[in-house]
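Visitor: Handing you a structure now.
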Amino acid sequence: MKSINKFLTILAALLLTVSSLFSAATVFAAEQKTKTLTVHKLLMTDQELDAWNSDAITTAGYDGSQNFEQFKQLQGVPQGVTEISGVAFELQSYTGPQGKEQENLTNDAVWTAVNKGVTTETGVKFDTEVLQGTYRLVEVRKESTYVGPNGKVLTGMKAVPALIILPLVNQNGVVENAHVYPKNSEDKPTATKTFDTAAGFVDPGEKGLAIGTKVPYIVTTTIPKNSTLATAFWSDEMTEGLDYNGDVVVNYNGQPLDNSHYTLKAGHNGFILKLNEKGLEAINGKDAEATITLKYTATLNALAVADVPKANDVTFHYGNNPGHGNTPKPNKPKNGELTITKTWADAKDAPIAGVEVTFDLVNAQTGEVVKVPGHETGIVLNQTNNWTFTATGLDNNTEYKFVERTIKGYSADYQTITETGKIAVKNWKDENPEPINPEEPRVKTYGKKFVKVDQKDERLKEAQFVVKNEQGKYLALKSAAQQAVNEKAAAEAKQALDAAIAAYTNAADKNAAQAVVDAAQKTYNDNYRAARFGYVEVERKEDALVLTSNTDGQFQISGLAAGSYTLEETKAPEGFAKLGDVKFEVGAGSWNQGDFNYLKDVQKNDATKVVNKKITIPQTGGIGTIIFAVAGAVIMGIAVYAYVKNNKDEDQLA
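Mapped onto mature numbering (1 follows the signal peptide of the UniProt record, and there is no 0), the consecutive letters of the sequence shown carry residue numbers -29 to -1, 1 to 625.
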């Protein structure tokens, strides 16, 4: 019995000693902490990222303690790997069921941020001294400011999201200052715009197009693999010589993309098509690049000026942050002046202080930069000039646009202005790349100016002509009655659109109100296009368009495709003989080419003279007819008298 008691006493002492050791070990471990966790963002190529092997890097010696210089020396780390700034991270604590952390790694609902920051060129250091347990490290793309060279954005990634157990322990114990290395590649979308030749349309080149021609376009955009875009939209604006037909069709990898993936809004004379959350989900995170195509048409209208290109400007806006911005909107000057005003806003549309910004004044039809005297290197807006500038000495009949030179951290939102002489731009604070603005194809119409003169180059009025094309068809305009109907419908549709826009301002249901606005906008666009007249071909001369020379002998025709045409005079000036057909050519430069001055006092040789000859032999009608008839009667009388007398003489000789 004593032996048993002695054994139990010894056993109790041993257990007490062991438990004390465990308690001491626990206290020792509790005193060891990971004081800091530095996140280094690595950038590498797609090929290097695909080949990255985390197990091999660990085998090579990575244990969470190496700084960047030490990390680069490990076998398996690419030599060209770099560390980048501007990438946002969050360290988040777990609030879900215990033991399910790995299972809930991508479930944002059970993770709460406890620390956040943006990397510098040496990473971002989190203070973790008071943190214990399981945490999640995530990259926050929408708060990242990184934009690579030439507009590249972060695409593929590895090692995030990741579970971090604090304190961090390796084979040597607790790591006091830990380092982790999430990895990324980068790429950028591409965008092109061309004529849609697959629709049977042939690029006219310098041949030009006739008014009323429907021009098909295709915009092709490639989205890199592993993209994480937070914004992707296209903005298209056309100059006044083109009417957008409201018929855009979207395809994704060759298949139709239904409108549940995007929103479509009418622009000034174009559209804004923006991928929504569902659309972004469709293109992001794919293991191969995706292709999106937009197909739509525009009709060449009666406002197209001869020999002046008609532009159709599209921009693609993208980035890993929510974005604003659109395509520059053209406008005409008022009294030769065009004024730009500039405002600034943060992501929540609250006013903020601006930064100095430079604009170029661009001819919207030709795409050429207009040199403004005193501002040859660009138009600068700043606080000193109250963010406004007025360009003077401009052509009231030409559309211009102010184009902002990109400022990192801001996007330009060109406002809709209905009043001539004004352009307004709001800059939003964001960190997206400069929008892609592909070179767009341009279309032209052509024309010809004429002056009606006599043989002494005196100008003649009230000559009338019709025009035939190469097929011998006469050119005509839509009937006045039909034109009146179209104009009335356009005016009524505009009133309905204005009412819908006014109702939207105070609407409780903005989505429903926006749908009404969009429908009203489409109706207005359709009727507005119909009201823009165009040429039609007719068989009868009586139905053709009549060109009449004015008091200075001037007449002209424009809106033609390049080719051969014929003037057929239907009424000559009083006292002049009617001409035969006059052939003429239109094409590049024909509007300002010729052998005579269109304006009396301007020496330009920019018109072709059409010469009528004075009548020297009386024609039927008027006093000339009477004189001719009397003279004829006298001559005939003499002839008859001579004939009768001659017959009598012959009878007498018989």
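Think of the CB as a built atom: it goes at the ideal place given N, C-alpha and C, for glycine as much as any other residue. All of these numbers come straight from a predicted model, not from anything done at the bench.
Just curious, the alpha helix (DSSP H) that residue 627 is in, first and last residue?
Guide: Residue 627 cannot be examined here, being either before or after the span of the chain that is shown, -29 to 625.
Visitor: DSSP three-state call for residue 120: helix, strand or coil?
Guide: Three-state DSSP puts residue 120 in a helix.
Visitor: Excluding five sequence neighbours on each side, which residues of the same chain lie with their C-beta closer than 8 Å to the C-beta of residue 568?
Guide: Excluding sequence neighbours, residue 568 sits near 422, 574, 575, 576, 577, 578.
Visitor: Using the three-state DSSP reduction, which class does residue 521 fall into: helix, strand or coil?
Guide: Residue 521: coil per DSSP, three-state reduction.
Visitor: With a Cβ-Cβ cutoff of 7 Å, do residue 266 and residue 401 count as a contact?
Guide: Result no, Cβ atoms of residue 266 and residue 401 do not sit closer than 7 Å.
Visitor: By how many angstroms is the C-alpha of residue 315 removed from the C-alpha of residue 357?
Guide: The straight-line gap from Cα to Cα measures roughly 12 Å.
Visitor: Taking residue 155 as the reference, give the member of 175, 75, 520, 131 with the closest Cα.
Guide: Of the listed residues, the one whose Cα sits closest to residue 155 is 131.
Visitor: Let me know the secondary structure DSSP gives residue 561 once reduced to three states.
Guide: Residue state, collapsed to three classes: helix.
Visitor: Report the option in 25, 113, 129, 98 whose CA atom is closest to the CA atom of residue 17.
Guide: When each option's Cα is compared against that of residue 17, the closest is 129.
Visitor: Kindly list the residues whose CB is nearer than 7 Å to the CB of residue 335, restricted to its own chain and excluding five residues on each side of it in sequence; keep chain order.
Guide: Excluding sequence neighbours, residue 335 sits near 210, 282, 301, 370, 371, 372.
Visitor: Can you tell me whether DSSP reads residue 259 as helix, strand or coil?
Guide: Correct three-state label for residue 259: coil.
Visitor: In terms of residue numbering, what span does the alpha helix (DSSP H) encompassing residue 63 cover?
Guide: Unbroken run through residue 63 is the beta strand (DSSP E), 59 to 65; no alpha helix (DSSP H).
Visitor: If you draw a straight line from the C-alpha of residue 384 to the C-alpha of residue 133, how long is it?
Guide: Between residue 384 and residue 133, the C-alpha separation is close to 38 Å.
Visitor: Run through DSSP, which three-state label would residue 464 get?
Guide: DSSP places residue 464 in helix when its eight states are reduced to three.
Visitor: Counting only the same chain and skipping the five closest in sequence on each side, list residues whose C-beta sits under 6 Å from that of residue 53.
Guide: Excluding sequence neighbours, residue 53 sits near 14.
Visitor: Within the same chain, show all residues whose beta-carbon is closer than 7 Å to that of residue 557, passing over the 5 residues directly before and after it, in chain order.
Guide: So the qualifying residues of the chain are 417, 418, 419, 531, 533, 534, 536.
Visitor: According to DSSP, is residue 474 helix, strand or coil?
Guide: Three-state DSSP puts residue 474 in a helix.
Visitor: Evaluate residue 293 with the Cβ neighbour count: other Cβ atoms within 10 Å of its Cβ, from every protein chain shown; 16 or more gives buried, anything less gives exposed.
Guide: Residue 293 comes out exposed.
Visitor: For the alpha helix (DSSP H) containing residue 17, list its first residue and its last residue.
Guide: Counting along the chain, the alpha helix (DSSP H) containing residue 17 begins and ends at 17 to 22.
Visitor: Are there three or more Cβ pairs, one per stretch, closer than 8 Å when the region 131 to 150 is compared with the region 92 to 111?
Guide: Yes: at least three Cβ pairs fall under 8 Å.
Visitor: Who are the Cβ neighbours of residue 438 in its own chain at under 8 Å, not counting the five residues just before and after it?
Guide: Hits under 8 Å: 445, 446, 515, 516, 518, 528, 536, 537, 538, 539.
Visitor: Along the beta strand (DSSP E) that carries residue 435, what are the first and last residues, could you check?
Guide: Where residue 435 is concerned, the enclosing beta strand (DSSP E) stretches over 435 to 439.
Visitor: Tell me the residue span of the alpha helix (DSSP H) that contains residue 382.
Guide: Where residue 382 is concerned, there is no enclosing alpha helix (DSSP H), although the beta strand (DSSP E) it sits in stretches over 381 to 385.
Visitor: Under a three-way DSSP split, which group does residue 172 fall into?
Guide: The answer is coil: DSSP assigns residue 172 none of H, G, I, E or B.
Visitor: Going by beta-carbon coordinates alone, are residue 287 and residue 245 separated by less than 7 Å?
Guide: Cβ distance not < 7 Å, so residue 287 and residue 245 don't count as in contact.
Visitor: By Cβ distance, which residues of its chain are closer than 7 Å to residue 72, with the 5 residues on each side in sequence left out?
Guide: So the qualifying residues of the chain are 65, 105, 134.
Visitor: Drop a sphere of 10 angstroms on the beta-carbon of residue 638, count the other beta-carbons inside from all chains shown, and report buried for 16 or more, exposed for fewer.
Guide: Any question about residue 638 goes unanswered here, given that the chain covers just -29 to 625.
Visitor: Any contact of the region 470 to 488 with the region 538 to 554, i.e. 3+ C-beta pairs under 8 Å?
Guide: Verdict: no, contact absent.
Visitor: Short of 7 Å in beta carbon distance, which residues of its chain neighbour residue 406, apart from the five on each side in sequence? Order them along the chain.
Guide: Only 286, 287, 288, 296 meet the Cβ criterion.
Visitor: Please classify residue -1: does DSSP put it in a helix, a strand, or coil?
Guide: Residue placement at residue -1 is poorly supported in this model, since its pLDDT is 46, which falls under 50; the coordinates are not used for a value here.
Visitor: Hey, which unbroken runs of the alpha helix (DSSP H) at 4 residues or more fall wholly within the region 328 to 387?
Guide: Whole alpha helix (DSSP H) segments, 4+ residues: zero.
Visitor: For residue 691, tell me which candidate among 497, 482, 432 has the shortest Cα-Cα distance.
Guide: Coverage of the chain is limited to positions -29 through 625, which leaves residue 691 absent and any answer about it impossible.
Visitor: Counting along the chain, where does the alpha helix (DSSP H) carrying residue 28 start and finish?
Guide: Segment 25 to 30, the alpha helix (DSSP H) holding residue 28.
Visitor: Could you give the first and the last residue of the continuous alpha helix (DSSP H) run that contains residue 43?
Guide: Counting along the chain, the alpha helix (DSSP H) containing residue 43 begins and ends at 39 to 43.
Visitor: Assess, as a yes-or-no matter, whether the region 218 to 237 is touched by the region 246 to 257 under the definition of 3 or more beta carbon pairs within less than 8 Å.
Guide: Touching, yes, given that three or more Cβ pairs across the two stretches are closer than 8 Å.
Visitor: Label residue 344 either buried or exposed according to how many other C-beta atoms from any shown protein chain fall within 10 Å of its C-beta, with 16 as the threshold for buried.
Guide: So residue 344 counts as exposed.
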